[in-house]
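Under numbering that gives the first Met the number 0, read the sequence shown as residues 0 to 163, first letter to last.
Each residue gets a CB set at the ideal place from its N, CA and C atoms; glycine is no exception.
Notes to accompany the following structure.
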Amino acid sequence: MMNNRKASSGLWFIPITFFIAFYFAAIPLPGRFEIARPDWVGLMIVFWVLVLPERFGILVSFGVGLLYDTLVGTPLGLYSVVFACLAYTILLLHVRLKMYPIAQQAMIIFLAIAITHLVAAWLKGAMMSTIAGQVHIWPALTSAICWPWVYGLTSLLKDKIRVQ
């Protein structure tokens, strides 16, 4: 009984990281910087699926997507499906992805986030019966650039807090 309490004692850190990611996603950026905003929530999903695949998976990502839908004002379920697909993709690749150096991980993250944004734009167009506008690859690029720092800092804090 004591071991289960010790093992799950650091799980409070996961919602904190998502709160910070939601905060960064909601901060208004000036002018042209808005199109290059990193996908902070997507990066956190990738991180937790990569680090704790047995605790953080498709269903939790679906729930995070519902919260993200309410934050950005998209139809309910759009980012739920997108983030669930992202989690599924990372779950398929997590064993190989852990072996790669951080630069190669960033390239895979670039592709995964880019596909996520393409699917989100396609779903927005299908759900709203309008053209979703331009799809920018900048969020995927800035997310890939931020990945080494996000991974390093969150891993350091995760180890310090002993999230298991």
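Starting from the Cα of residue i, find the closest Cα among the options and give me that residue.
i	options	result
Val80	Asp68, Leu91 and Gly72	Asp68
Ala113	Val94, Ser154 and Thr88	Thr88
Leu66	Ile160, Leu51 and Gly41	Gly41
Lys97	Lys159, Glu33, Ser154 and Pro27	Ser154
Ala102	Tyr150, Phe55 and Val94	Tyr150
Leu152	Gly9, Val94, Thr16 and Ala111	Thr16
Leu90	Pro100, Gly9 and Ala111	Ala111
With respect to the alpha helix (DSSP H) encompassing residue i, which residues constitute its N-terminal and C-terminal limits?
i	result
Trp137	Trp137 to Ile160
Leu10	Note, Leu10: premise wrong, no alpha helix (DSSP H); not H, not E.
Arg95	Leu77 to Met98
Ile57	Ile57 to Val71
Ile44	Trp39 to Val50
Starting from the C-beta of residue i, find all residues in its chain whose C-beta is less than 7 Å away, skip the five residues before and the five after it, and write them out in chain order.
i	result
Leu70	Phe21, Ala24 and Ala25
Pro37	Pro138, Thr141, Ser142 and Cys145
Ala35	Trp137, Pro138 and Thr141
Leu77	Asp68, Ala119, Leu122, Lys123 and Met126
Ala83	Ile57, Ser60, Phe61 and Gly64
Going by beta carbon distance, what residues of the same chain come within less than 6 Å of residue i, once the five residues before and after it are set aside?
i	result
Met0	Confidence in Met0 is poor, its pLDDT being 46 and thus under 50, which makes the residue's placement unreliable; the coordinate value appears in the next sentence. Cβ within range, chain order: n/a, list empty.
Val55	Note that residue 55 corresponds to Phe in the displayed sequence, not to Val. Contacts found: Trp47 and Val48.
Report back the beta-carbon spacing between residue i and residue j to the nearest angstrom; my notes put them in contact at under 8 Å.
i	j	result
Ile19	Trp47	Not really, about 13 Å apart at Cβ, beyond 8 Å.
Leu85	Ile44	6 Å
Pro52	Ala105	In fact, because the Cβ distance is near 19 Å, the residues do not count as touching under 8 Å.
Excluding five sequence neighbours on each side, which residues of the same chain lie with their C-beta closer than 8 Å to the C-beta of residue i?
i	result
Leu92	Ile107
Glu33	Pro27
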